[in-house]
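Take the sequence shown: its letter number 60 is residue 59 in numbering that gives the first Met the number 0, and every next letter is one higher. All C-beta atoms in this analysis are idealised placements derived from N, C-alpha and C, irrespective of residue type, glycine included. Working notes, beginning with the structure itself.
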Amino acid sequence: MKGLTAKEEEIMGFFWEKGPLFVKEMLAFYEEPKPHFNTLSTIVRGLEEKGFLTHRVYGNTYQYYSLVSEAEFRKGTLKNVISKYFNNSFLNVVSSLVKEEDISLDELKQLIAEVEKGKK
């Protein structure tokens, strides 16, 4: 799965939260100064080229909708991070979290208990 820029991810968030949208509708989600319609349209078309969105034609306008769910995107992004930075090792991920103290030993024990409980 291809990665997204911060702006692309923000726009995908609108589709995941709101469902199908016309580009013009998206302008309402922004505070002033609002991005230009053409800017949003270009980003949306880029997302379509990447395979994240597709569209339906209504007269001379397009309504876009998501082809990739937020859960699928999250899963793909996590796999990419683990592959790129942790040599495809979940053990390295957890080890890094423990070493950096982003997860306490108590939280780690709780995680292990939950995994064991889920396997039963």
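Backbone secondary structure at residue i - three-state DSSP
i	result
residue 4	coil
residue 20	strand
residue 95	helix
residue 52	strand
residue 68	coil
Contact set for residue i: own chain, Cβ-Cβ below 8 Å, skip 5 residues either direction
i	result
residue 97	104 and 107
residue 117	none
Beta-carbon proximity list for residue i, same chain, < 7 Å, skipping 5 on both sides
i	result
residue 1	49
residue 66	50, 51, 52 and 53
Beta-carbon proximity check, residue i vs residue j, cutoff 8 Å
i	j	result
residue 14	residue 26	no
residue 57	residue 47	no
Own chain partners of residue i with C-beta closer than 6 Å, once the 5 adjacent residues on each side are dropped
i	result
residue 40	22
Enclosing beta strand (DSSP E) for residue i [first to last residue]
i	result
residue 29	First-last for residue 29: undefined, no H or E at that position.
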